[in-house]
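To convert a position in the sequence shown, counted from 1, into this note's numbering, add 240.
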Amino acid sequence: MLTTLKTVDVGNVSAAGTKATPAELFNKLVECAIAGLRCPHNGTFGVTSQGMSQLARGGAIRVDISGHNWRTVTILRGPHHGRHTMADPEKLKVWKTVDRSGTKVCGRRVFSHARTGGHAKRPEPSKPGLLPPLASVG
Numbered sequence: 241m242l243t244t245l246k247t248v249d250v251g252n253v254s255a256a257g258t259k260a261t262p263a264e265l266f267n268k269l270v271e272c273a274i275a276g277l278r279c280p281h282n283g284t285f286g287v288t289s290q291g292m293s294q295l296a297r298g299g300a301i302r303v304d305i306s307g308h309n310w311r312t313v314t315i316l317r318g319p320h321h322g323r324h325t326m327a328d329p330e331k332l333k334v335w336k337t338v339d340r341s342g343t344k345v346c347g348r349r350v351f352s353h354a355r356t357g358g359h360a361k362r363p364e365p366s367k368p369g370l371l372p373p374l375a376s377v378g
């Protein structure tokens with residue numbers, strides 16, 4: 241099903257290629273929530289995943305990610321508490337949530353940055369084992 245998304249130019253907070261300050265990012269997310277717009281993509285308006293995570297871990301927003309990385313941001317502070325950006329039009333299940341309590345994937349808490357010293361540890365790639373030679377069938 242093809243859905244037409246409502247888009248409105250709400251202005252650029254930061255110059256292209258620069259990161260928005262947490263206050264600028266929060267204000268931009270509030271503007272989008274008030275207008276019912278989609279959460280801005282990384283690289284637009286100075287938005288970065290790190291900036292969004294910082295606001296979420298600070299308790300200012302909650303980020304729900306569904307489907308193919310559709311972010312719905314709920315405002316948790318200020319006069320617009322409870323407002324949210326546009327929800328996933330396909331209504332796909334939320335598979336990741338980032339908020340003050342940490343990051344949850346499919347409802348299970350995963351390691352937070354605080355527990356890993358500021359860096360998310362990624363698992364090492366698996367090393368292929370050597371397979372024994374196939375016995376010839378004869």
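Note that beta-carbon positions come from the ideal geometry of N, C-alpha and C, so glycine has one too.
Test item: CB-CB of residue i and residue j under 8 Å
i, j, result
"Cys-279", "Thr-312", "yes"
"His-308", "Ala-273", "no"
"Ile-305", "Trp-335", "yes"
"Ser-289", "Asn-282", "yes"
"Val-270", "His-321", "no"
"Pro-262", "Gly-291", "yes"
Reference residue i; option with closest CA among the options
i, options, result
"Val-287", "Lys-333, Ile-301, Trp-310, Lys-268", "Lys-268"
"Arg-297", "Ile-305, Val-338, Lys-259, Glu-264", "Val-338"
"Thr-258", "Val-270, Met-292, Phe-266, Phe-285", "Phe-285"
Cutoff 8 Å: residue i Cβ touching any chain E Cβ
i, result
"Ala-263", "You won't find chain E in this structure, because it holds only one protein chain."
Residue i - partner residues in DSSP beta bridges
i, result
"Asp-339", "Gly-342"
"His-324", "Thr-314"
DSSP-derived helix/strand/coil call for residue i
i, result
"Val-334", "strand"
- Message: Just to confirm the assignment: which complete beta strand (DSSP E) runs, minimum length 3, are found wholly within the region 248–315?
- Response: 301–306, 310–315
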